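Undergrad:
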Amino acid sequence: MAAKANAGDGPSMILVAKAYAAGSGVDQDDTIAADWYRKAAVLGNLEAQLRLADCYRDGRGVPRDMAQAAEWYRKAAEQGDLAAQATLGLLYSMGQGVSRDDVEAFFWFDLAASATGPNQDRYVANRQNVGTRITAEEVATARQRVAKWKAAHAHRATGA
103 MAAKANAGDG PSMILVAKAY AAGSGVDQDD TIAADWYRKA AVLGNLEAQL RLADCYRDGR
163 GVPRDMAQAA EWYRKAAEQG DLAAQATLGL LYSMGQGVSR DDVEAFFWFD LAASATGPNQ
223 DRYVANRQNV GTRITAEEVA TARQRVAKWK AAHAHRATGA
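Positions in the sequence shown are counted from 1; adding 102 to them yields our numbering.
1. Going by beta carbon distance, what residues of the same chain come within less than 7 Å of Lys-141, once the five residues before and after it are set aside?
2. According to DSSP, simplified to helix, strand and coil, what is Arg-245?
3. DSSP three-state call for Val-205: helix, strand or coil?
4. Here's the rule I'm using: 16 or more other beta-carbon atoms within 10 Å means buried, otherwise exposed. How should Ala-121 be labelled?
5. I want to know whether the stretch 236-243 touches the stretch 200-207 - three or more CB-CB distances under 8 Å.
6. Can you list, in chain order, the residues of its chain with a C-beta nearer than 7 Å to that of Val-50? Leave out the 5 residues immediately preceding and following it.
7. For Asp-212 versus Ala-171, is the C-beta distance shorter than 8 Å?
8. Quick test of your reading: Leu-192 and Asn-228, contact by CB under 8 Å. State the CB separation rounded to the nearest angstrom.
9. Would you tell me roughly how many angstroms separate the C-alpha atoms of Val-144 and Gln-151, rounded to the nearest one?
10. Throw me the rounded Cβ distance for the Val-118 and Trp-138 pair, which I believe falls under 8 Å.
11. What do you reckon, are the CB atoms on Met-168 and Gln-198 nearer than 8 Å?
12. Thinking C-alpha only, which one of Leu-184, Gly-110 and Ser-201 is nearest Gly-146?
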């Protein structure tokens, strides 16, 4: 596994990272785990992007950095991950790691809520909550962006 990871195999990198994160077969080391997640995340691996974002959010293996967390959640969200889209909406609604922006929060919540999934009701509720803080015109603009995003990312959209 380590040889494949060192050779640049993304799934193997994640396995190595998980082993270090859990201390499974190696000494537990969150810093090494985060390094391996970063290597796979840079290659575009969705799971690694999410796990690295979580590392930055929680300060696990890296200094806590909500801007870095938001950046990695955005990369995962752009790949169509619903949870990352909703998390990005939450970050925008609270101004954590990004500037507070209710229109941007609505966009990400609306995108996540538009796909069927186990958390869809929660995403809808979050979208509705943020929607009360923006104008009808801003809602319409955000929904147009969602339609354009979905058309451009139809091959990536999760749950579509």
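Beta carbons: idealized from backbone N, C-alpha and C, even for Gly. Please read these numbers as outputs of a predicted model, since none were measured by experiment.
TA: Quick look at the numbers:
1. Your numbering for residue 141 matches position 39 in the sequence shown. Around Lys-141: Met-115.
2. Stepping through the sequence shown from its first residue, residue 245 is reached at position 143. Reduced to three states, the DSSP call for Arg-245 is helix.
3. Along the sequence shown, one-based indexing puts residue 205 at 103. Here Val-205 sits in helix by DSSP.
4. If you number the sequence shown from 1, residue 121 lands on position 19. The residue in question, Ala-121, is buried, as its Cβ has 16 or more Cβ neighbours within 10 Å.
5. yes
6. The structure shown does not extend to residue 50, since the chain is modelled only from 103 through 262, so no value can be given for it.
7. Walking along the sequence shown from the start, residue 212 turns up at place 110. Walking along the sequence shown from the start, residue 171 turns up at place 69. For Asp-212 and Ala-171, no; Cβs fall outside 8 Å.
8. By 1-based counting over the sequence shown, the position of residue 192 is 90. By 1-based counting over the sequence shown, the position of residue 228 is 126. Rounded, the Cβ-Cβ distance is 7 Å, consistent with contact.
9. Translated into positions along the sequence shown, residue 144 becomes position 42. Translated into positions along the sequence shown, residue 151 becomes position 49. Distance between the alpha carbons of Val-144 and Gln-151 is about 8 Å.
10. By one-based count along the sequence shown, residue 118 stands at place 16. By one-based count along the sequence shown, residue 138 stands at place 36. Correct: roughly 5 Å between the Cβ atoms.
11. Residue numbering aside, residue 168 sits at position 66 when the sequence shown is read from its first letter. Residue numbering aside, residue 198 sits at position 96 when the sequence shown is read from its first letter. Taking 8 Å as the Cβ cut-off, Met-168 and Gln-198 qualify as a contacting pair.
12. Residue numbering aside, residue 146 sits at position 44 when the sequence shown is read from its first letter. It is Gly-110 whose Cα lies nearest to the Cα of Gly-146.
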